[in-house]
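The structure appears below as structure tokens.
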Amino acid sequence: MSSIAPVEIVGLARTFGRRSVLRGVNLSICSGEIVGLLGANGAGKTTLFSILAGLSPADGGRCRFGSSGWLAGHPRVRTRLAYVAHNTQLYPLLTARENLELFAALRGDQGVGQRAAPEVLARFGLAEHADRRVSTFSRGMAQRASLARAIAAEPEVMLLDEPLTALDRRGRALLLRVLAEERARGAAIVLCSHDLDAVVDIADRVVLLERGVIASEIRFGGDRGGFRSQVAGLWSDVPASVGAATAIT
């Protein structure tokens, strides 16, 4: 069966009461690329992810997945898309291994989950903690387990909302390495983070969501230093009243 990538978003809109959070978002996401999504708090990033994941309806526009044009929320899209939200979405009284196996079973991949869990947990440095309850994990370890849960399904599209939250230097390095490996596998990845250094280090392009629209886009041209300067300049143009992000160092 064909992939759910690329993702084509045209004129996507979402309103809450009198407030227009998304006002005509246009964006394409291709297989084998990482898109860094930047925007101040309240810019609409989480709302955009929620619509793409089929958790929230759009008020206008369209979002199509793959050459077949599946809609957000289609069963095929749900099984091949991974969304990592702010919270870890894990069952605290289950072990890390049991969490991965449970979510695999819910997707109908129980056998795959049992085989994949040890390997995926090892990729995030959790092999020796696989049989510990998540309730005993630090916040950073729980975040790594949540990311492992998402990766275990070998998703074709990944939506990562602040995945670096609570990660220490080792956890950050592990995540960036795994994302590079998933990109090489052909996954289409959208990375939303206030850690601009991480975004610059891994992204193939960066888009800025501002006041409900994609205001700017910068593509990586082969020079990380130049890319870093461009992204820093892009962010410095965002009005301070909109929000703040960690500065690029």
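First residue of the sequence shown: 190, per this note's numbering; consecutive thereafter.
Ideal placement from N, C-alpha and C gives every residue a C-beta, glycine not left out.
Everything numeric in this text was worked out from a predicted model, so none of it was measured.
Query: Sorted by chain position, which residues of the same chain lie with C-beta nearer than 8 angstroms to Ala271's C-beta, five sequence neighbours on each side aside?; Result: Ala339, Ile340, Ala342, Pro344, Val346, Met347 and Leu348
Query: Mind reading off the beta-carbon distance from Leu279 to Ala334? Whole number of angstroms is fine, and I expect it under 8 angstroms.; Result: 6 angstroms
Query: Quick one: measure Cβ to Cβ for Val323 and Ala274, integer angstroms, because I've assumed they're closer than 8 angstroms.; Result: With a Cβ gap of about 16 angstroms, Val323 and Ala274 do not count as contacting.
Query: What's the gap between the Cα of Leu211 and the Cα of Ala293?; Result: 33 angstroms
Query: Can you say whether Ser430 is buried or exposed, counting buried as having 16 or more other CB atoms within 10 angstroms of its CB?; Result: Unreliable positioning characterises Ser430 in this predicted model, as indicated by a pLDDT of 39, which lies under 50. A coordinate reading is not provided.
Query: Assuming contact is defined by CB atoms lying nearer than 7 angstroms, are Val402 and Gly213 in contact in what I supplied?; Result: yes
Query: Could you check which residue in Ala387, Ile378 and Ser382 has the C-alpha nearest to that of Leu363?; Result: Ala387
Query: Only counting the same chain, and skipping five residues up and downstream in sequence, which positions put a Cβ closer than 8 angstroms to that of Asp390?; Result: Leu365 and Arg413
Query: Taking the alpha-carbon positions, what's the Ala138 to Pro264 distance?; Result: Nothing about residue 138 can be reported from this structure: the residues present for the chain run from 190 to 438 only.
Query: So the candidates are Arg267, Val196, Gly231 and Gly228; which of them puts its Cα closest to the Cα of Gly243?; Result: Arg267
Query: Check whether the region 242-260 and the region 312-329 touch, using three or more Cβ-Cβ pairs below 8 angstroms as the test.; Result: no
Query: With a CB to CB cut of under 7 angstroms and the five nearest residues on each side skipped, what residues in its chain are close to Phe409?; Result: Ala392, Asp393, Arg394 and Phe416
Query: Do you know whose CA, among Arg269, Gly262, Asn215 and Thr235, lies nearest Leu298's CA?; Result: For the record, residue 298 in the displayed sequence is Asp; it is not Leu. Cα-wise, what sits closest to Asp298 is Arg269.
Query: Once you ignore the five residues that flank Asp350 on each side, which residues in its own chain have a CB closer than 8 angstroms to its CB?; Result: Lys234, Thr235, Phe238, Tyr272, Val273, Ala274, His275 and Cys381
Query: Would you grab the beta carbon distance between Ile240 and Val379 for me? Rounded to a whole angstrom, and I think it's under 8 angstroms.; Result: With 8 angstroms as the limit, Ile240 and Val379 do not qualify as a contact, their Cβ atoms being about 12 angstroms apart.
Query: Per DSSP, which residues does Phe205 bridge with? Please list them.; Result: Arg208
Query: Mind reading off the beta-carbon distance from Leu289 to Ala337? Whole number of angstroms is fine, and I expect it under 8 angstroms.; Result: 6 angstroms
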